[in-house]
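K.L.:
Reminder that position 51 of the sequence shown reads as 50 in the numbering used here, one-by-one numbering, no gaps.
Using N, Cα and C, we set each Cβ at its ideal position, and we do this for glycine too.
Nothing here was measured: the structure is a model prediction, and the numbers come from that model.
Here it is, the structure, as structure tokens.
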Amino acid sequence: MPMKRSFWLIPVILLALYGCSSPPVEVNRFDPVAGGPFISTLDKNGEIYASYIDPEIQLVTTLYEYNSIIVMPLTIVNRTDHDIGPADYSLSLCDGRDFKPVRMLDRNDLVNVKGKLEGKGTDFGSGIEGMALAATVNAFEDLTNQPSTKMMVKGINQAINDYFEFRPVYASEARTGLLCFLVDFKLEYPLTVRLKVKDKLIDIRFLPRPKKEGN
Numbered sequence: 000m001p002m003k004r005s006f007w008l009i010p011v012i013l014l015a016l017y018g019c020s021s022p023p024v025e026v027n028r029f030d031p032v033a034g035g036p037f038i039s040t041l042d043k044n045g046e047i048y049a050s051y052i053d054p055e056i057q058l059v060t061t062l063y064e065y066n067s068i069i070v071m072p073l074t075i076v077n078r079t080d081h082d083i084g085p086a087d088y089s090l091s092l093c094d095g096r097d098f099k100p101v102r103m104l105d106r107n108d109l110v111n112v113k114g115k116l117e118g119k120g121t122d123f124g125s126g127i128e129g130m131a132l133a134a135t136v137n138a139f140e141d142l143t144n145q146p147s148t149k150m151m152v153k154g155i156n157q158a159i160n161d162y163f164e165f166r167p168v169y170a171s172e173a174r175t176g177l178l179c180f181l182v183d184f185k186l187e188y189p190l191t192v193r194l195k196v197k198d199k200l201i202d203i204r205f206l207p208r209p210k211k212e213g214n
């Protein structure tokens with residue numbers, strides 16, 4: 000099954016920040032580490048994606064980061080003739096060689112972010128993760144004016160609508176969506192996208208893209 004074209008584009012949360020009258024936005028990109036018989040890279044519209052493919056499964060993904068939010072567009076393709084149930088697979092983002100998990104934001108987190116940007120009394124909680132998410136949203140507000148805030152809300156709406164659903168990946172079909180992660184500690188590299196499908200473990204590693212000279 001072909002993958003949706005929209006997910007070859009820069010994720011909408013980050014795209015919404017471009018073209019604003021606020022200071023220039025720097026999106027940090029990560030390059031996949033290709034290697035082995037199953038992992039390769041794909042160049043789509045100038046964006047570099049990693050593709051893991053074996054006889055049973057395909058995972059296509061990439062990473063972008065801005066202001067402590069990592070956005071991951073991904074597609075999982077079931078290449079078998081039997082369904083993969085929700086209990087049969089999981090996906091995470093880890094950092095460093097000890098695979099410390101990076102916190103995945105769920106759809107409710109994104110709804111709360113949207114509410115905060117719209118001026119509603121959103122409570123992210125008093126825990127460390129809640130305070131980190133609140134600080135990140137406050138930083139977004141500091142960098143944006145009213146028109147660009149509306150663009151951010153539009154982008155987050157799209158992310159909410161296209162949030163990756165951990166539902167069955169049916170035989171010979173694909174499941175596509177976006178996941179967002181909150182970086183609330185100093186990252187170590189590489190970053191690893193880890194997909195578990197039953198007894199299969201798939202790791203795709205990413206390193207920060209080197210800065211161009213003069214930047």
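If you follow the beta strand (DSSP E) that Leu-116 is part of, which residue opens it and which one closes it?
P.N.:
Leu-116 -> not in any beta strand (DSSP E); alpha helix (DSSP H) instead, spanning 106-116.
K.L.:
Quick check on Ala-49: buried or exposed, where buried means 16 or more other Cβ atoms within 10 Å of its Cβ?
P.N.:
Burial call: buried.
K.L.:
Just the Cα atoms here: how many angstroms apart are Leu-194 and Val-59?
P.N.:
About 11 Å.
K.L.:
Are at least three pairs of beta-carbons, each pair with one atom in the region 68-75 and one in the region 31-45, less than 8 Å apart?
P.N.:
The region 68-75 vs the region 31-45: no contact.
K.L.:
Cutting at 8 Å between CB atoms, please list the residues of its own chain near Asn-156, excluding the five before and the five after it.
P.N.:
So the list reads Lys-113, once near-sequence residues are dropped.
K.L.:
On the DSSP bridge list, what partners appear for Arg-102?
P.N.:
For Arg-102, which the question treats as bridged, DSSP gives the partners Leu-181.
K.L.:
What residue does the beta strand (DSSP E) around Glu-64 start on, and which one ends it?
P.N.:
Start and end: 63-65.
K.L.:
On the DSSP bridge list, what partners appear for Gln-157?
P.N.:
Partner(s): none; Gln-157 has no beta bridge.
K.L.:
Given this structure, state the Cα-to-Cα distance separating Val-32 from Val-192, to the nearest angstrom.
P.N.:
Each residue's Cα considered, the two are about 11 Å apart.
K.L.:
Would you please state the rounded distance, in angstroms, between the beta carbons of Leu-190 and Leu-92? I believe it to be under 8 Å.
P.N.:
About 6 Å separates the two Cβ atoms, so the contact holds.
K.L.:
So the beta strand (DSSP E) Phe-29 belongs to, where does it begin and stop?
P.N.:
Phe-29 -> beta strand (DSSP E) spans 27-31.
K.L.:
Please report the distance separating the alpha-carbon of Pro-22 from that of Asp-108.
P.N.:
Here the model assigns Pro-22 a pLDDT of 45, short of 50, so the residue's position is not dependable and the matter cannot be decided.
K.L.:
I'd like the list of long-range same chain contacts for Ala-86, defined as Cβ closer than 7 Å, with 5 residues on each side in sequence excluded.
P.N.:
So no residue of the chain qualifies.
K.L.:
Ordered along the chain, which non-local residues of its own chain (more than five positions away) have a Cβ less than 6 Å from that of Ser-89?
P.N.:
Only Lys-195 meet the Cβ criterion.
K.L.:
What does DSSP give as the partner residues of Arg-78 in its beta bridges?
P.N.:
In the DSSP output, where bridge partners are listed per residue, Arg-78 has none listed.
K.L.:
Straight-line CA distance for Leu-177 to Lys-99?
P.N.:
Answer to the nearest angstrom: the Cα atoms are 21 Å apart.
K.L.:
Taking Glu-46 as part of the beta strand (DSSP E), name the residues at either end of that continuous run.
P.N.:
From DSSP, the beta strand (DSSP E) with Glu-46 extends over 46-52.
K.L.:
Quick check: what's the CA-CA separation for Val-182 versus Gly-154?
P.N.:
Approximately 19 Å, taken between the alpha carbons.
K.L.:
Below 8 Å on the Cβ atoms is my guess for Ile-52 versus Arg-106; work out the distance and round it to an integer in Å.
P.N.:
Their Cβ separation, rounded to whole angstroms, is 28 Å, which puts Ile-52 and Arg-106 out of contact at 8 Å.
K.L.:
Given a threshold of 16 other Cβ atoms within 10 Å of its Cβ, counted over all protein chains shown, does Phe-184 qualify as buried or as exposed?
P.N.:
Phe-184 comes out exposed.
K.L.:
Return the residue from the list Glu-187, Glu-172, Leu-186 that minimises the CA-CA distance to Asn-77.
P.N.:
Ranking the options by Cα distance to Asn-77, first place goes to Glu-172.
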